[in-house]
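The opening residue of the sequence shown carries number 214 in the numbering used here; numbering runs sequentially from there.
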Amino acid sequence: MPISNKLLSLLKILWRHWLVLLVGYVLVLADPFGIGSSTSKAITNAFDRMVSPFYTRDLARGQGLDSADLVDVILIDDRSIRELSREGVGYLRANDWPLAYSDHLMLIDALRRRGYGTIIFDVTFYRKRSLDGSFNDLVTRLDYFREHAGLEVILSAGSDPEDLEDSIQPLVNAVSDLGLTGWSGYGDGYPLNHVFPDGRQEPSLAFAGYQAFCRQAGPMACEDLSRAEEAWLVPEPSGMHLNWGMPSKHQSDSIGCMPRTLDETWYPAWVELLVVIKRNLVGPDIIDENTRNVCPPLPTATLQDVLFSGSECKPLFDSDGPNACDTPRIAMVGVSLPSARDLFDPPTPGRLPGVYLHAEALRNLLHFQADYFKPLGLELNLGFNGPPQWSLPVDVFLVWPLLLLAAVWLARRVLEWRWKEENTWEIPEILLELGETVLVLIALVLLYQLAIVFHRTPGGLADLIGLIPLLLIVVRRERKEIEHERLR
Numbered sequence: 214m215p216i217s218n219k220l221l222s223l224l225k226i227l228w229r230h231w232l233v234l235l236v237g238y239v240l241v242l243a244d245p246f247g248i249g250s251s252t253s254k255a256i257t258n259a260f261d262r263m264v265s266p267f268y269t270r271d272l273a274r275g276q277g278l279d280s281a282d283l284v285d286v287i288l289i290d291d292r293s294i295r296e297l298s299r300e301g302v303g304y305l306r307a308n309d310w311p312l313a314y315s316d317h318l319m320l321i322d323a324l325r326r327r328g329y330g331t332i333i334f335d336v337t338f339y340r341k342r343s344l345d346g347s348f349n350d351l352v353t354r355l356d357y358f359r360e361h362a363g364l365e366v367i368l369s370a371g372s373d374p375e376d377l378e379d380s381i382q383p384l385v386n387a388v389s390d391l392g393l394t395g396w397s398g399y400g401d402g403y404p405l406n407h408v409f410p411d412g413r414q415e416p417s418l419a420f421a422g423y424q425a426f427c428r429q430a431g432p433m434a435c436e437d438l439s440r441a442e443e444a445w446l447v448p449e450p451s452g453m454h455l456n457w458g459m460p461s462k463h464q465s466d467s468i469g470c471m472p473r474t475l476d477e478t479w480y481p482a483w484v485e486l487l488v489v490i491k492r493n494l495v496g497p498d499i500i501d502e503n504t505r506n507v508c509p510p511l512p513t514a515t516l517q518d519v520l521f522s523g524s525e526c527k528p529l530f531d532s533d534g535p536n537a538c539d540t541p542r543i544a545m546v547g548v549s550l551p552s553a554r555d556l557f558d559p560p561t562p563g564r565l566p567g568v569y570l571h572a573e574a575l576r577n578l579l580h581f582q583a584d585y586f587k588p589l590g591l592e593l594n595l596g597f598n599g600p601p602q603w604s605l606p607v608d609v610f611l612v613w614p615l616l617l618l619a620a621v622w623l624a625r626r627v628l629e630w631r632w633k634e635e636n637t638w639e640i641p642e643i644l645l646e647l648g649e650t651v652l653v654l655i656a657l658v659l660l661y662q663l664a665i666v667f668h669r670t671p672g673g674l675a676d677l678i679g680l681i682p683l684l685l686i687v688v689r690r691e692r693k694e695i696e697h698e699r700l701r
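Given below as C-alpha cells:
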C-alpha cells in the first residue's frame, strides 16, 4: 500500500473518532472543573508511592553519592519553644516565634558541635528587628564559623532576594549563600534555578544546599548539574520531579510518630511495593486521630532535641547510621507552628511542613545528582521571549492522537487474530471488554517503565492516563466498525 494511502487511512480513522479526540483535548487543555488535573495528580502520587520502597532501599544501600541519606530535618515547634523558654530553663530568650537572634545563634552552634557541616534555614529574615540587640553577635559568630570553622550556613531568600531590606544585609553577607523558597511557573517541578524577568538567576534552597555540601566534600564528590538541563524533550522551564521515600525509622521521640520496625536487610522492597499497591487500590492512607502519626520520610528532630545536647558530637538518632563526627551531615531547619501555615500534601500520608519539600529535593540531588528525574514533555513558549506566560503543550497535541491510533491498531490486530478460521469460538462480551482494558493499562505501564529507565516522569503526559475511558470507547466503536465491514 502506498504511503499516501496509509496516511489517508489513518486520517479516516481519526476523523471517525473526531469527537473523542475533541473531548480529550478539552479535558486535558481546558481542564473543566479541575477534573483532569485532579486525576493527573492522583495518578502521579500513586506512582510515586509505588516507587518509594525502591528509592528508600537505594538510599539505605548508599547507591549514588554516599552522602545521599545525610539530610536531617530540625523542626522549630511550639512545644520546644515553651519548654526551652520557661522559667528555670533559660535556653531561649524568646518565648514565642520569631526567636531572638541569639536563639538562632545557639541553635547553629549546637548543630555545629553535633557534627553538622552544612546548616540550611528555611527561615527568611526580611529586616533587622530593632528591639533585639543580639543581631551583631549573630553576624560576628557566623563570620567566624565561615572563615575559621568551615561551617556552611544557607538562609532562605523568600521569593526574591531583592525583597530583603538593607538592614538585614550584614546577616546576608555573613552566611555562605541564599536560596529561594518561593517561585512561580514551575508547576509541580522543583527548580534548580529561577530566572527573573530582568535576567537575574537565583538558586533554590535545595540547590544552594547541594552546592554548599559539595564545597565541603570536594569537587570530585559531586557532579555538575548543569548538564541535566541538556536532556532531550524536557519542557521549559524544566524542574526536578521529587522521589519520596517511605517513612524513616530514624526519628526522635519528641516527634510522636510510629517508626518502622521491619528489618531492611531481609525484607524485600517488592513486598513493600505490594503493600503500597494495596493501599492505592483500597484508598489513601488514613491517619487515625487516636493513634500515633505516620513518620515523615526524612530523619527528624526538634529544637529541644538539639539544645538538650549532652556530650560533644553525640548523634541525634540512636541508629546504625554514620556517626555525626565521622561524616558531616546536613541539617535543614524549618518551622512547624500553627501560625506559620506552611503545609503541603506530599504523596506520603499526612500533611508536612514546607521544609520537607526542600529537604527531599536536596536528598534527590545528592542521590541522583545530574540524573535526577525530569518531566518528559515539549512545550512551545508563546511569550516568544523571557519566561513563558502561557505555553502550548506540543507533547499532548501529538501524543493523544498517536495513543488513539495505537489503541485502534492493537484492537484491529486482536480482532483479526480472533476471526481467523481456526479461532472462531465465541468469546463473551465482558471478557472482550476486560481484555481491552488490560491491554490499554499494559501499554500505559510500559510507557511509565520506559520513562523510568531514562530517568523521566510522564510530566504533562500523565493527564492522558485519565483518558483511558475514552480509549475504551474508541476500541469498542472500532470493534463494531470491523463487524460491520465483515457483514458487507
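Even glycine gets a Cβ: it sits at the ideal position worked out from N, Cα and C.
For S604, the first and last residue of its enclosing beta strand (DSSP E): Locating residue 604 in the sequence shown gives position 391, where the first residue counts as 1. Segment 604-606, the beta strand (DSSP E) holding S604.
- prompt: Helix, strand or coil for G301 per DSSP?
  reply: As a first step, residue 301 must be located in the sequence shown, where it is residue number 88. Correct three-state label for G301: coil.
field: Residues bridged to N594 [DSSP beta-bridge criterion]
entry: To locate residue 594, count along the sequence shown from 1; it is residue 381. Answer by DSSP bridge pairing, in chain order: S604.
- request: Please go through the same chain and pick out, in chain order, the residues whose beta-carbon is closer than 7 Å to the beta-carbon of L652, but skip the five residues on each side of it.
  value: Here the question's residue 652 lines up with position 439 in the sequence shown. So the qualifying residues of the chain are L623.
query: Quick one, which of V658, M433, T515 has its alpha-carbon nearest S467's?
result: Your numbering for residue 467 matches position 254 in the sequence shown. Nearest C-alpha to S467: T515.
- request: Could you tell me whether the segment 583-592 touches the segment 435-442, where touching means 3 or more Cβ pairs closer than 8 Å?
  value: yes
query: Using the beta-carbon count (16 or more within 10 Å), is L418 buried or exposed?
result: Position 205 of the sequence shown, counted from the first residue, corresponds to residue 418. With 16 or more Cβ atoms within 10 Å of its Cβ, L418 is classed as buried.
- prompt: CB Y314 to CB S347, shorter than 8 Å?
  reply: Position 101 of the sequence shown holds residue 314. Position 134 of the sequence shown holds residue 347. Going by C-beta atoms, Y314 is nearer than 8 Å to S347.
Nearest-angstrom Cβ-Cβ length linking A620 and V688, presumed shorter than 8 Å: Here residue 620 is taken as the residue at index 407 of the sequence shown, counted from 1. Here residue 688 is taken as the residue at index 475 of the sequence shown, counted from 1. Going by Cβ atoms, the distance from A620 to V688 rounds to 6 Å, so yes, they are a contact pair.
- prompt: Just curious, the beta strand (DSSP E) that R406 is in, first and last residue?
  reply: Along the sequence shown, one-based indexing puts residue 406 at 193. The sequence shown places Asn at residue 406, not Arg. N406 -> beta strand (DSSP E) spans 406-408.
task: Could you please give me the residues that DSSP links to Q382 through a beta bridge?
output: Your numbering for residue 382 matches position 169 in the sequence shown. DSSP output for Q382 lists no bridge partner at all.
- prompt: If you run the structure through DSSP and keep just helix, strand and coil, what is R505?
  reply: In the sequence shown, counting from the first residue as 1, residue 505 sits at position 292. Since pLDDT at R505 reaches only 49, below the 50 mark, its modelled position is unreliable, and no value is offered.
task: Quick one: residues in its chain with C-beta nearer than 7 Å to the C-beta of R692, no 5 flanking neighbours on either side, listed in chain order?
output: For this step, residue 692 is matched to residue 479 along the sequence shown. A624, L628, listed in sequence order.
field: Proximal residues to G672 (C-beta, below 7 Å), its chain only, five neighbours per side dropped
entry: By one-based count along the sequence shown, residue 672 stands at place 459. Answer for G672: P448, P588, L589, G590, listed in chain order.
message: Within 10 Å of its beta-carbon, does V284 have 16 or more other beta-carbons around it, so buried, or fewer, so exposed?
response: Counted from its first residue, the sequence shown places residue 284 at position 71. By the 10 Å Cβ count, V284 comes out buried.
- prompt: If we count the other Cβ atoms within 10 Å of its Cβ and call it buried at 16 or more, is A362 buried or exposed?
  reply: By 1-based counting over the sequence shown, the position of residue 362 is 149. By the neighbour-count rule (16 or more Cβ atoms within 10 Å), A362 is not buried but exposed.
Residue burial classification, V548 (beta-carbon count within 10 angstroms, cutoff 16): Numbered from its first residue, the sequence shown carries residue 548 at position 335. When all chains shown are included, V548 counts as buried.
Selection from A675, L654, I543, P245 that minimises the alpha carbon distance to I321: On the sequence shown, position 108 is the one that residue 321 refers to. Looking at the Cα atoms, I543 is the closest of the given residues.
message: Quick check on M319: does DSSP put it in helix, strand or coil?
response: Stepping through the sequence shown from its first residue, residue 319 is reached at position 106. Three-state DSSP puts M319 in a helix.
- prompt: If you drop the 5 nearest sequence neighbours on each side, which residues of the same chain put their C-beta closer than 6 Å to that of D676?
  reply: The sequence position of residue 676 within the sequence shown is 463, counting from 1. These residues qualify, in order along the chain: V241, G249, S253.
- prompt: Should A425 be labelled buried (16 or more other beta-carbon atoms within 10 Å of its own) or exposed?
  reply: Along the sequence shown, one-based indexing puts residue 425 at 212. A425 comes out buried.
task: May I ask whether a heavy atom of the ligand MG can be found less than 7 Å away from the beta carbon of W396?
output: You won't find the ligand MG in this model; it holds no ligand whatsoever.
Pair within 8 Å by beta-carbon distance, D390 and V568: Within the sequence shown, numbered from 1, the residue matching residue 390 stands at position 177. Within the sequence shown, numbered from 1, the residue matching residue 568 stands at position 355. No, these two residues do not count as a Cβ contact at 8 Å.
query: Three-state secondary structure (DSSP) at S251?
result: Counting from 1 along the sequence shown, the entry for residue 251 is found at position 38. In the structure shown, S251 sits in a helix (DSSP, three-state: H, G or I).
message: Count Cβ pairs between the segment 553-566 and the segment 378-392 that sit closer than 8 Å; are there 3 or more?
response: no
- request: In angstroms with no decimal places, state the Cα-to-Cα distance between I643 and P614.
  value: For this step, residue 643 is matched to residue 430 along the sequence shown. For this step, residue 614 is matched to residue 401 along the sequence shown. Looking at the two C-alpha atoms, the distance is approximately 26 Å.
- prompt: Per DSSP, what kind of secondary structure is V447 in: helix, strand or coil?
  reply: Counted from its first residue, the sequence shown places residue 447 at position 234. The answer is coil: DSSP assigns V447 none of H, G, I, E or B.
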